[in-house]
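Counted from 1, the sequence shown has number 39 at position 30 by the numbering used here; the numbering is strictly sequential.
Even glycine gets a Cβ: it sits at the ideal position worked out from N, Cα and C.
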Amino acid sequence: MGNPLIFGLLFTAVTISQLTAATGWERLSELRTGDAVVVMQVDRNEYRGEFVRVSPDALIVRSSGSEIEIARSNIGQVKYFPRTKRMRNTLIGVAVGVGIALAIDKTVGSYLNNEVGYSASTRAMVWAIPIGLGSAIGALGGRSSTIYKAPRK
């Protein structure tokens, strides 16, 4: 069947190469014109603006109405703020919360109802807490992400 050690090493090499490629300069081409970005330069200067385009040697950002070309060698990190999908994420969080509440209500709730009594206030907490937490996590998740980080020299 082959040596598991060789398979493991090949699998690790392929995985690491994919992770390295995913954080490289090429990822900037995934951005769409108008996406909000923050560019941190190597000297800690920061540019906030909208993505315009990327070339193999530079990143062009629109800030305060003018386009700024930043050389690739001067860029330390690029973060982008994806278009907000807060309502969708909140609704997904609510759905997950309802599922968790339903599971708790049908398992622990049945036990409480049969053994010690299941009061209306306890039932309200069983439903409100998971739904509230799910919606909060959905609404607050996904603020920004680093799309490029320069390799250390």
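- Gly102 has its alpha-carbon roughly 36 Å from the corresponding atom of Leu68.
- The Cβ-Cβ distance between Val61 and Leu37 does not fall below 8 Å.
- With respect to the 8 Å criterion, Asn98 and Ala148 are classified as neighbours on the basis of their beta carbons.
- Shown here for Val135: same chain residues with a beta carbon closer than 7 Å to its own, the five before and five after excluded, namely Ala110, Ile113, Asp114 and Gly118 in chain order.
- CA-CA distance, Lys158 to Gly33, rounds to 7 Å.
- For the pair Ala133 and Gly106, the Cα-to-Cα distance works out to about 13 Å.
- Where Ala45 is concerned, the enclosing beta strand (DSSP E) starts and stops at Ala45 to Gln50.
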